[in-house]
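First residue of the sequence shown: 10, per the numbering used here; consecutive thereafter. For each residue, glycine too, the CB sits at the ideal point set by N, CA and C. What you are looking at is a predicted structure, and each value in this text was computed from that prediction instead of being measured. Written out below as structure tokens is the structure these notes cover.
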Amino acid sequence: GGRARALSSRNERALRRPRFPERFAVCGRFSLHAHPGVIALQFALSEPPAFTPHYNIAPTLDVLVIREDAAHVRHAELRKWGLVPYWAKDPKIGAKLANARAEAVAEKPAFRSAFRRARCIVPASGFYEWRTIAGKKQPYYIRPAGEGVFGLAGLMERWGEGDDMLRTCALITTEPNELMATIHDRMPVILAPEDYARWLDTGAQNAAAVSALESLLRPYPAEQMLAFPVSRKVNVVKNNEPDNLEPVEI
10 GGRARALSSR NERALRRPRF PERFAVCGRF SLHAHPGVIA LQFALSEPPA FTPHYNIAPT
70 LDVLVIREDA AHVRHAELRK WGLVPYWAKD PKIGAKLANA RAEAVAEKPA FRSAFRRARC
130 IVPASGFYEW RTIAGKKQPY YIRPAGEGVF GLAGLMERWG EGDDMLRTCA LITTEPNELM
190 ATIHDRMPVI LAPEDYARWL DTGAQNAAAV SALESLLRPY PAEQMLAFPV SRKVNVVKNN
250 EPDNLEPVEI
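Spelled out as structure tokens, the structure:
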């Protein structure tokens with residue numbers, strides 16, 4: 010009767026809930042729309058990277074990453090967001106490994122190898138986070154206080170061989186700063202430009218060198234960030250439009 014209809018209605022609502030904000034509760038979306046020349050300058054690339062501006066990047070999509078080779082030359086490339094460890098039996102595990110918690114990244118089996126030998130930077134114009142207001146999830150957009158680009162701390166992996174090789178990445182998250190604490194209980198690790206070289210240099214892989222890197226996995230200064238509510242249409246991944254970034258009244 011009425012109870013069955015209520016349960017049915019509740020189940021239907023659950024099925025209609027936005028997939029990504031629930032499943033990827035920490036740094037599940039970001040945007041990158043900066044001029045390629047600006048990215049090349051900020052991350053010391055020899056040439057502007059090739060990428061398509063995107064205003065609603067979600068896990069499982071390709072993202073731009075910056076890595077450094079053994080000769081300390083930096084390269085930009087696209088990788089699938091959702092890390093697949095080299096030892097994984099099934100690449101589908103990547104859907105659950107979009108984020109790595111800073112507190113455990115050096116020890117967790119899925120991430121410890123990449124943390125030691127395959128770190129990268131993921132450029133971002135800003136990122137989204139969801140705040141629960143009156144039982145509803147309200148998206149906020151967080152960006153640099155200036156017009157620059159964030160460099161998010163990332164990890165890389167390769168899975169498979171030859172033409173079937175899968176190149177993936179994950180973002181590292183940490184505890185929130187004062188600004189982010191009003192929105193969510195986590196935030197992505199944002200690297201200071203002066204720390205880029207240290208983060209990308211994987212030449213030293215001993216325990217002391219890797220342990221020293223953990224000091225970089227801290228909350229970014231709140232005064233260097235802006236946050237404001239945006240349209241709930243960003244809940245749907247296919248909504249990839251510049252006006253996703255427009256402030257809204259709530």
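Given that a residue counts as buried once 16 or more other Cβ atoms are within 10 Å of its Cβ, and exposed if not, what is residue i?
i      : result
Val257 : exposed
Arg72  : One detail in the question is off: residue 72 reads as Val in this sequence, not Arg. By the neighbour-count rule (16 or more Cβ atoms within 10 Å), Val72 is buried.
Trp261 : Shown here, the chain extends from 10 to 259; a query on residue 261 therefore has no answer.
Leu180 : buried
Ile48  : buried
Pro202 : exposed
Tyr149 : buried
Trp208 : buried
Ala123 : buried
Tyr95  : exposed
Phe29  : For Phe29, the predicted model reports a pLDDT of 35, less than 50, meaning its position is unreliable; a value from the coordinates is still stated below. The residue in question, Phe29, is buried, as its Cβ has 16 or more Cβ neighbours within 10 Å.
Ala206 : exposed
Asp173 : exposed
Leu50  : exposed
How big is the Cα-Cα spacing for residue i and residue j?
i      : j      : result
Leu87  : Thr191 : 33 Å
Pro230 : Leu41  : 21 Å
Asn215 : Ala143 : 49 Å
Ser240 : Lys146 : 11 Å
Ala85  : Thr141 : 36 Å
Ala109 : Glu56  : 30 Å
Val74  : Cys129 : 6 Å
Tyr64  : Glu156 : 16 Å
Glu232 : Ala59  : 31 Å
Val245 : Ile66  : 11 Å
Asp194 : Pro185 : 6 Å
His81  : Ala217 : 21 Å
Ala53  : Met165 : 19 Å
Phe120 : Ala97  : 12 Å
Ser224 : Arg125 : 14 Å
Leu222 : Ile102 : 26 Å
Thr61  : Thr183 : 28 Å
Glu250 : Ser220 : 40 Å
Gly46  : Glu116 : 37 Å
Arg167 : Leu70  : 16 Å
Phe159 : Leu200 : 8 Å
Beta-carbon separation of residue i and residue j under 9 Å?
i      : j      : result
Pro68  : Ala104 : yes
Phe39  : Ala133 : yes
Arg227 : Val198 : yes
Pro118 : Leu175 : no
Ala107 : Gly37  : yes
Ala79  : Gly212 : yes
Met234 : Leu161 : no
Leu254 : Gly171 : no
Val114 : Thr177 : no
Glu77  : Asp204 : no
Met196 : Glu112 : no
Which two residues bound the contiguous alpha helix (DSSP H) that contains residue i?
i      : result
Leu200 : Per DSSP, Leu200 belongs to no alpha helix (DSSP H) and is neither H nor E.
Gly46  : Pro45 to Gln51
Leu222 : Ala216 to Leu222
Leu188 : Unbroken run through Leu188: none, as it is neither H nor E.
Arg207 : Tyr205 to Leu209
How would you write the range of the beta strand (DSSP E) that residue i sits in, first residue to last?
i      : result
Ala236 : Met234 to Pro238
Leu164 : Phe159 to Trp168
Phe60  : Premise fails: Phe60 is in no beta strand (DSSP E) and is neither H nor E.
Leu41  : Arg38 to Leu41
Is residue i near the ligand MG, going by C-beta to nearest heavy atom under 8 Å?
i      : result
Leu161 : Because no ligand of any kind appears in the structure shown, any question about the ligand MG cannot be addressed here.
Counting only C-beta atoms, is residue i closer than 9 Å to chain D at any point?
i     : result
Tyr64 : Among the protein chains of the structure shown there is no chain D, as only one such chain exists.
- Fully enclosed by the stretch 66-147, which beta strand (DSSP E) runs are 3 residues long or longer? 71-77, 83-90, 108-110, 128-133 and 135-142
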